[in-house]
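A quick write-up on the structure given underneath.
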Amino acid sequence: MSRRFARALLAFCAAVAAFPEEEDVVVLTADNFDSFIKQSPLALVEFYAPWCGHCKQLAPAWSKAAAKSKKLPVPVPLAKVDATVEEDLASKYEVSGYPTIKLFKNGVAEDYIGPRDADGILAYVAKISGFKLQQLNSTEDLTALAKKSTHPIVLGLFRMPVAASSFFQKFSKAAFEATGQPVVFAYSASYATPPLMPPTVDGKKPPVPGLVLLDPAAISSPVSTRGLYTMPRKKEDFTLDAIATWLNSNGVKVALEEKEEVDDHPKDYSEHGDDHDSSHYEDYD
Ligand SMILES: *[C@@H]1O[C@H](CO)[C@@H](O)[C@H](O)[C@H]1NC(C)=O
């Protein structure tokens, strides 16, 4: 075996080696740290001490966020290092208190000063990994999405500006919660009629704002009433539970967990990102 081949083989083995996990959190040591960082363009690493109370407090949130963030379209693994054992790593990354969380971007470490609740960590991670709720503007966009997906598509129909719609905000949350589950969320919106209005069995237009459930194998087939969700009269009734119930009743197995709002960590899941503040808009629904 040539030396070059041996080296390539070694590199290959390192690349496919799975990293050990505890409750979805990657367990890092001096032995696997560098290869993990090298193969993860984005990663969050917690340096902890087994005796530290704040670390114990963080653990459930860390593992809950880890389970979802590794399933994002651009996965962001969450890892941990026992800094009392891995002293060299701890000193290399200037860990002075516990827990210390570092964000690694293409191998470069920076301090993570984001939220420490599961929901907040996920929102942060989704943002840096570029979680986007897709806006579809044409039948071609929908066809392209359907080609990529084997899962049912929930198409939200909204009017612009979507940032002003509390229905849209709930919809975005549902989409985010559905990450990693067998369903895909996308939306269509414009100031008048959304450009994508799938045909219905009775020839009537689908409701706006409203939701349409589409089979990716038959996106141009007319949608029956069961596949349509009309927004309830009261905004408060449009909940993640309501969306999940509707999907479940249509044979789509998803669980959408309603989260407490954390006021000091505003969440933004839409591709409109930072450039809006919905409070500037009149309520539009
Ligand atoms: C639809 O239009 C929006 C706004 O111009 C754009 O951001 C988005 O990327 C478009 N969607 C697709 C699938 O091209």
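Those letters in the sequence shown? Residues -18 to -1, 1 to 267, per mature numbering (1 follows the signal peptide of the UniProt record, and there is no 0), in order.
Glycine included, every Cβ here is placed at the ideal spot set by N, Cα and C.
- Here glutamine 163 carries a coil assignment [DSSP, helix/strand/coil].
- Counting C-beta pairs closer than 8 Å gives three or more between the stretch 94 to 111 and the stretch 56 to 65, which meets the contact rule.
- Cβ neighbours of leucine 85 within its own chain (closer than 6 Å, five residues either side excluded): Leu26, Glu92 and Tyr94.
- Within the model, the alpha-carbon separation for serine 172 versus glutamine 116 is close to 14 Å.
- Three or more beta-carbon pairs separated by less than 8 Å are not found between the stretch 73 to 90 and the stretch 130 to 137, which leaves the two stretches without contact.
- The secondary-structure analysis by DSSP pairs lysine 87 across a beta bridge with Leu24 and Val90.
- Per the DSSP secondary-structure output, leucine 60 pairs in a beta bridge with Leu26.
- A distance criterion of 7 Å places the beta-carbon of leucine 118 in contact range of ligand 1, judged by its closest non-hydrogen atom.
- Per DSSP, tyrosine 211 is one residue of the beta strand (DSSP E) stretching across 210 to 212.
- The straight-line gap separating the alpha-carbon atoms of lysine 129 and glycine 138 is approximately 18 Å.
- Pairing valine 107 with proline 143, the inter-Cα distance amounts to about 26 Å.
- In this structure, the CA atom of glutamine 39 is about 19 Å from the CA atom of serine 51.
- The stretch 159 to 173 makes contact with the stretch 222 to 236: 3 or more CB pairs, one atom from each, lie closer than 8 Å.
- Nearest to tyrosine 30 by alpha-carbon distance, out of Ser203, Pro42 and Ala72, is Ala72.
- Each of Asp70, Ser231, Pro42 and Asp219 was checked against the Cα of alanine 12, and the nearest Cα belongs to Asp70.
- Relative to the non-hydrogen atoms of ligand 1, the Cβ of aspartate 219 never comes closer than 7 Å to any of them.
- About 20 Å separates the beta carbons of serine 147 and proline 180, which is beyond the 8 Å limit, so they are not a contact pair.
- The bridge partners DSSP lists for arginine 141 are Ser172.
- Look at isoleucine 135 here: in three-state DSSP terms it is strand.
- Ranked by Cα distance from threonine 175, the options Ala168, Trp228, Pro188 and Thr182 are led by Pro188.
- Selection Trp44, Phe220 and Asn119 evaluated against glutamate 5 yields Trp44 as nearest (Cα-Cα).
- Taking 8 Å as the cut-off, the beta carbon of glycine 89 is found no closer than this to the beta carbon of isoleucine 201.
- A straight line joining the alpha-carbon of proline 42 with that of valine 63 spans about 16 Å.
- Aspartate 16 has its Cβ no nearer than 7 Å to any heavy atom of ligand 1.
- Close CB contacts of lysine 53 within its chain, under the 7 Å cut and outside five residues either way in sequence, are with Thr161 and Gly162 (chain order).
- The three-state reading of DSSP puts threonine 82 in strand, counting E and B together.
- Membership of leucine 127 in the alpha helix (DSSP H) is indicated by the continuous run 121 to 130.
- Under the DSSP assignment, leucine 222 falls in the alpha helix (DSSP H) whose first and last residues are 222 to 231.
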